[in-house]
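Per numbering that gives the first Met the number 0, residue 0 is the first one in the sequence shown, and the count goes up by one each step. The beta-carbon is built from N, C-alpha and C at its ideal position, and this holds for glycine as well. Below is one structure, written out as structure tokens; comments come after it.
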Amino acid sequence: MSTNRTGFETVTTTSTPLSTSTVELKPSYNIPVVLVITVIPLLLVQPWVGGAIALFGLFLMFQTVTLRLQFTATDLDVYRGEKLIRRFSYQEWQNWRIFWDRVPILFYFKEVKSIHFLPILFDPKTLKICLEQRCPRI
0 MSTNRTGFET VTTTSTPLST STVELKPSYN IPVVLVITVI PLLLVQPWVG GAIALFGLFL
60 MFQTVTLRLQ FTATDLDVYR GEKLIRRFSY QEWQNWRIFW DRVPILFYFK EVKSIHFLPI
120 LFDPKTLKIC LEQRCPRI
């Protein structure tokens, strides 16, 4: 097993193909930081609105710090710390999409029985690579 650092993500590789190895996405603080920074002028003009947006940005920052996504050979696993909180089997997936390729901010996927929207709090490049390898679009 080897670990390659490119400056943007850490990818752990084994002798097995990537689609069967487990990949944990590196956190991306872009969305929370942009929200918190851009709300500063708004706090002077509209304190209530600015405060609400600032709280949302801090909430997303907390989620970025505590949540981890792992792509396994068969599932997308969501962890809070060391605890598995949700498992999404690829067999149940019907479609997925990353909104706004230039500035990815939202990840959507549809399972047989439900739809999920997640803010991109993880490395968007690795997210897209893993999705294309494990859940190719039809």
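Would residue i pass as a contact of residue j if the rule is Cβ separation under 7 Å?
i      : j      : result
Tyr107 : Phe116 : yes
Ile97  : Leu59  : no
Gln69  : Thr21  : yes
Leu126 : Leu24  : yes
Arg85  : Asp74  : no
Thr63  : Tyr28  : yes
Pro103 : Pro135 : no
In this structure, what does DSSP give as the bridge partners for residue i?
i      : result
Lys124 : Paired residue(s): none; Lys124 is not in a bridge.
Val22  : Phe70
Ile114 : Lys109
Please identify the residue among the options whose C-alpha is closest to the C-alpha of residue i.
i      : options                         : result
Ile119 : Tyr89, Arg67, Ser113 and Thr71  : Arg67
Leu34  : Trp47, Lys109, Leu57 and Gln45  : Leu57
Val111 : Glu91, Lys124 and Pro103        : Glu91
Thr65  : Ile114, Ala51, Pro135 and Val77 : Val77
request  = State whether the region 126–135 contacts the region 80–97, with contact taken as three or more CB pairs (one from each stretch) at a distance under 8 Å.
outcome  = With a cut-off of 8 Å, the region 80–97 and the region 126–135 count as touching, because enough Cβ pairs lie within range.
task = Take every Cβ of the region 79–95, pair it with every Cβ of the region 34–47, and state whether three or more of those distances are shorter than 8 Å.
result = The region 79–95 makes no contact with the region 34–47; the number of CB pairs closer than 8 Å stays below 3.
ask   = Whole beta strand (DSSP E) runs in the region 27–109 with 3 or more residues, listed along the chain?
value = Secondary structure within the region 27–109: the beta strand (DSSP E) runs of 3 or more consecutive residues, fully enclosed, are 66–70, 74–79, 82–88 and 92–98 (chain order).
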